[in-house]
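Participant: Just so you know, the sequences run in chain order D and W.
Note that the working numbering has the first sequence beginning at 1070, numbered continuously upward.
Note that the working numbering has the second sequence beginning at -8, numbered continuously upward.
Quick reminder that beta carbons are idealized off the backbone N, C-alpha and C, glycines included.
None of the values given here were measured: they were computed from a predicted structure.
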Amino acid sequence: MVKSNDLPRPTDAELEILTVLWSRGPATVREVHSTISRRRPAHYTTVLKLMQIMTDKGLVKRDEKQRAHIYSASRPREWTQRQLAGDLLERAFAGSASSLLVGALAARKASAAELAELRKLVGEYEEEKR
Amino acid sequence: MTLDHWLAAPLAHALGRALAHFLWQGALLAAALRAALFLGAGRSSRWRHQAATACLLLLPLVFGITLALSLGAGPSSVVLPPVAPRMVFNPVIAQGVPAAPVDRLAWLAPLWMGGVILFYVFRLAGWARVDRMRRLGVCAAPAEWQQRLRELAGAVGVSQPVELLESCLACVPQVIGYWRPVILMPLGALAGLSAEQVEAILIHELAHIRRADYLVSVAQSLIEGLFFFHPAAWWISAVVRAEREFACDDVVVALRPDARAYAAALTTLEQSRWPAAYAAAAANGGNLVRRIRRLLGEPAPARVPSARASALAGALVLVAAVAAALVVWPPARSFAQHTPPAESSADKQEPAQKTESARRSLAELEDLLAGKQKDIQDAEQAAAKAQELLQRNAAELDRALKNASGHPHDFAQADELLRKADAALKELEQQAGASQQLVQQQERALQQADKQLQELDALFANGKLDEALRQRQMAQADMALRQARAAIGDRTLKEIEKQLQQAEREFDRAAKYWGQGNESLRAQAEPPETPRPQALAESGSAFQKWLNEDVAYIITLDERRVFLALRTDEERDQFIERFWARRDPTPDTAENEFKEEHYRRIAYANEHFASSLPGWRTDRGRIYIVYGPPDEIDDHRGESVPRQAWLYRHIEGLGVGVAVEFTDPGRTGDFRMTAAPASHGSSWQVMAGASDAAEFVAQSLRAKGFPVTTCPVRADRPSLTQVLVGPFPDEASLAKAKAALEAAGYHPVRTQ
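Here it is in structure tokens:
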């Protein structure tokens, strides 16, 4: 098996396919293609070709037991995220980018102490649910 | 453009002042917002968010108004009061004049600009990264969630279509874009939370879209970049961010009353954030704890002034204090470091210098008046003499008649005498008439001079502001030139270049002020003899052309004066005839070789030396017309700086082996003389400065009868013109000229 360190960094198009596989779980080329084409026009053959290349690179695994081959990501998504976040330049601008973002959570991660307090605050709810 | 130059610009001054003022203005606005939030503690988050946003938008507004006001006030409100007016601008006497003061605050402008640019570069890169997140590592969310989002959008009141994407790069749910908004959900969030929880999160994001928070966020980061130096701006911005989230939470709770489920969703999302490398730096993860407490209705913990809050308050106080110091503290004078200490008393000398200069000008005019009066006395004496002569002649005639009556044979003699007397009488009458005319003429000049003296008096009494300002600019220019001269002595070439550039700049400024200076002032400052050919103007341009073009270079001062005083065209015609006759080397022949040669030279000059100026007005034309064709021409017109040297073996009054050099650094065809046509050391430099100031001084010196030349100080710096008096053939006449110049209030410097 190829070591994770040796895996090449996925291209933008490959990352999209990986995202689909992470989101939907193992899928056929047809399923991946239909998800991608909901967002942008894409040729089935292009997706197929890309996924074959990714198989050769070791980015995805192919299960050939069934008639329609089923593909799955060979690495968890955290792996790619870590790889991208490790980029120094990316990190430098992430701080700047985060101030532009609006969303349900702050751009900065909560500290361990805060997380503990949060867990305590919502703990009752979790218990009730159980 | 050098930094020094830029710092002297009005914008730098205005920016510096506006930035200094902003220190306290920002602190004040932040304090006002704090007070408003305190008073409106019970109000909705929407209201608090709007208050904070308004406060944030006020920052650039207040700064802009301050900047506009500072620009309007101009640098003169900062610059020092003007120094004494001086009629002579000689570097040697420029001691005691301070250099242009540079506002210390102006230094803030480049520092601030550098910071803003740095911030904006980072923001732009961040924005590019955010924009990339719309496309990179995303896939469309499952169809059922897209459908659910459309329903929720209708409930929240979002009209534009919203795209729901799952992203492997986003670590938290976020909204990107305003016109085509995208909601990015981290991978796994849709599956990892319950349906109600996802809906709550989606409502929160839709609320952001509805409230155009992405636009606000962009504006916010622009303002933060602009006022990066001010803690108040950051604090206000943080308040906007916090209140924004509270307001969106309120929308969620209004639509989905199960606040606990929502709070749990937020906590789960926070917990499941992927461990980004840069998260380690975060000591305080924002206000999520506050938000959860608020959602769950938990009371906020008793407010203890945290270290952060006191640090912020301290920073604000410090900033306000610095602002006060910068604004109240008088601007430094930059000359303190590079001018001799003796000049520190310059300000005290200013009034004295001013008075001294005014007194000198008045004294000059009074001298002129005294001269006129003497002329009149002379004329009156001449008239009296003529009268006496007339009477004596009459007595002689009488006697002759008596003789004739006694001795009839003497009749022929008497007749002869009578004729002679008659002729003498006529001549004397003519002479008397001329004297009378001269007296009238002188009286007119006297009246005119008197009037000008009064005007000048009034002017000095009024102490006109613009005149004073102009004088100050001149003084500064002088100072710069003096420094340049000092530098030539022992400093490096580089420094000299710098000083000269500064001098040039100052002279340009001075020249500008000269141009602006009121015309009346100029006219008043001119000596009374300055040609004012009104009568001449009425009689047509032919005579004016003759005076100012044809013979401009060869007519003597006295001849010019007489010509200007003539009143009829016949007189002028006669004068011109006599003018040429006097110069005719062979008066017996009909041809006037001098006149013919002179007009030939003019024609030659016009044909060969014309550039942007007509040929006769160029430097080469002038030299050619006055001194004739050179004996030898050393021609280097093909070189990178075209130049030409004219060699004269002998020039009457100048000496042997005179060389005149012309260069054309701009390659415009207009060759300029690089030095006066004289051997070095035989002239006096009276001033060096802007060309129109130099012409003005040269004109007034010419009017006093000095031999004056103007030429550039250095060939490659045509804007620095020097006025030279001379050349003089020997030391005795040099010394005499120096004494005369000093008596007239100038401070001549021997040319090197």
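Which residue comes first and which comes last in the beta strand (DSSP E) that contains residue 1098 of chain D?
Facilitator: That residue, residue 1098 of chain D, is in no beta strand (DSSP E); its alpha helix (DSSP H) goes 1098 to 1108.
Participant: For the putative contact between residue 96 of chain W and residue 11 of chain W, defined by C-beta atoms under 8 Å, what is the C-beta separation to the nearest angstrom?
Facilitator: 5 Å
Participant: Interface residues of chain W around residue 1191 of chain D at Cβ under 8 Å?
Facilitator: 251, 254, 255, 258, 283 and 287
Participant: Which residue wins for smallest C-alpha separation from residue 36 of chain W, given the options W/629, W/662 and W/238?
Facilitator: Measuring from the Cα of residue 36 of chain W, the nearest candidate turns out to be W/238.
Participant: Give me whichever residues DSSP pairs with residue 205 of chain W in a beta bridge.
Facilitator: Paired residues: none, contrary to the question.
Participant: If you run the structure through DSSP and keep just helix, strand and coil, what is residue 77 of chain W?
Facilitator: For residue 77 of chain W, the pLDDT reaches just 40, beneath the cut-off of 50, and the residue's location in the model is therefore unreliable, although a value from the coordinates is still provided. Coil at residue 77 of chain W, not helix or strand.
Participant: For residue 1096 of chain D and residue 1089 of chain D, I'd like the C-alpha separation in whole angstroms.
Facilitator: 9 Å
Participant: Does residue 111 of chain W get closer than 8 Å to chain D when you measure Cβ to Cβ?
Facilitator: no
Participant: Can you give the Cα-Cα distance for residue 101 of chain W and residue 212 of chain W, rounded to whole angstroms?
Facilitator: 21 Å
Participant: Looking at the secondary structure, which residues open and close the beta strand (DSSP E) in which residue 1171 of chain D lies?
Facilitator: That residue, residue 1171 of chain D, is in no beta strand (DSSP E); it is neither H nor E in DSSP.
Participant: Jot down the residue ranges of each uninterrupted alpha helix (DSSP H) in the segment 106 to 166 of chain W, minimum 4 residues, whole runs only, in chain order.
Facilitator: 134 to 147
Participant: DSSP has residue 680 of chain W in a bridge; who is on the other side?
Facilitator: W/712
Participant: If I measure Cβ to Cβ from residue 612 of chain W and keep anything under 7 Å in the same chain, skipping five residues before and after, which residues do I get?
Facilitator: 596, 600 and 606
Participant: Would you list the one or two residues that DSSP bridges to residue 623 of chain W?
Facilitator: W/638
Participant: For residue 1128 of chain D and chain W, any beta-carbon pair shorter than 8 Å?
Facilitator: no
Participant: Using a beta-carbon distance cut-off of less than 9 Å, what residues from the segment 162 to 181 of chain W approach chain D?
Facilitator: 162, 163, 164, 165, 166, 167, 174, 175, 178, 179 and 181
Participant: Hey, how far is the Cα of residue 110 of chain W from the Cα of residue 220 of chain W?
Facilitator: Cα atoms of residue 110 of chain W and residue 220 of chain W: separation of roughly 11 Å, rounded to the nearest angstrom.
Participant: Residues in the segment 1098 to 1117 of chain D with C-beta within 8 Å of chain W's C-beta atoms, listed in sequence order?
Facilitator: 1104, 1105, 1107 and 1108
Participant: Out of W/628, W/685, W/682 and W/254, which has the shortest C-alpha to C-alpha gap to residue 659 of chain W?
Facilitator: Closest in alpha carbon position to residue 659 of chain W, among W/628, W/685, W/682 and W/254, is W/628.
Participant: Kindly indicate which three-state DSSP category residue 170 of chain W falls into: helix, strand or coil?
Facilitator: Three-state DSSP puts residue 170 of chain W in coil, outside helix and strand.
Participant: Identify the continuous beta strand (DSSP E) that holds residue 1132 of chain D and give its terminal residues.
Facilitator: 1129 to 1132
Participant: Name, going along the chain, the residues of the segment 201 to 212 of chain W whose beta-carbon falls closer than 7 Å to a beta-carbon of chain D.
Facilitator: For the segment 201 to 212 of chain W, the set of positions with a beta-carbon nearer than 7 Å to some beta-carbon of chain D reads 204, 205, 208, 209 and 212 in chain order.
Participant: For the pair the segment 160 to 173 of chain W and the segment 226 to 234 of chain W, tell me if three or more CB-CB distances fall below 8 Å.
Facilitator: no
Participant: My assumption, with CB atoms under 8 Å, is that residue 1083 of chain D sits in contact with residue 1128 of chain D. Please give the rounded CB distance.
Facilitator: 6 Å
Participant: Residue 542 of chain W by DSSP, collapsed to three states: which one?
Facilitator: coil
Participant: Assuming residue 674 of chain W is part of the beta strand (DSSP E), what are its boundary residues?
Facilitator: Segment: none, residue 674 of chain W is in no beta strand (DSSP E) and carries neither H nor E.
Participant: Shorter than 8 Å from the beta carbon of residue 280 of chain W to some beta carbon of chain D?
Facilitator: It does: the Cβ of residue 280 of chain W has a partner Cβ on chain D nearer than 8 Å.
Participant: Write down the C-beta distance between residue 132 of chain W and residue 104 of chain W rounded to the nearest angstrom, noting that I regard them as a contact closer than 8 Å.
Facilitator: The beta-carbon separation of residue 132 of chain W and residue 104 of chain W, rounded to 44 Å, does not stay under the 8 Å limit for a contact.
Participant: Where do the N-terminal and C-terminal ends of the beta strand (DSSP E) with residue 1142 of chain D fall, by residue?
Facilitator: 1139 to 1142
Participant: If you draw a straight line from the alpha carbon of residue 1 of chain W to that of residue 633 of chain W, how long is it in whole angstroms?
Facilitator: 39 Å
Participant: From residue 533 of chain W to residue 351 of chain W, what distance separates their C-alpha atoms?
Facilitator: Cα to Cα, the separation comes out at about 39 Å.
Participant: Please identify the residue among W/112, W/573 and W/15 whose C-alpha is closest to the C-alpha of residue 311 of chain W.
Facilitator: W/15
Participant: What span of residues does the alpha helix (DSSP H) with residue 597 of chain W cover, start to end?
Facilitator: 584 to 599
Participant: Just checking: is the beta-carbon of residue 1091 of chain D within a distance shorter than 8 Å of some beta-carbon in chain W?
Facilitator: yes
Participant: Would you mind reading off the limits of the alpha helix (DSSP H) that contains residue 8 of chain W?
Facilitator: 1 to 30
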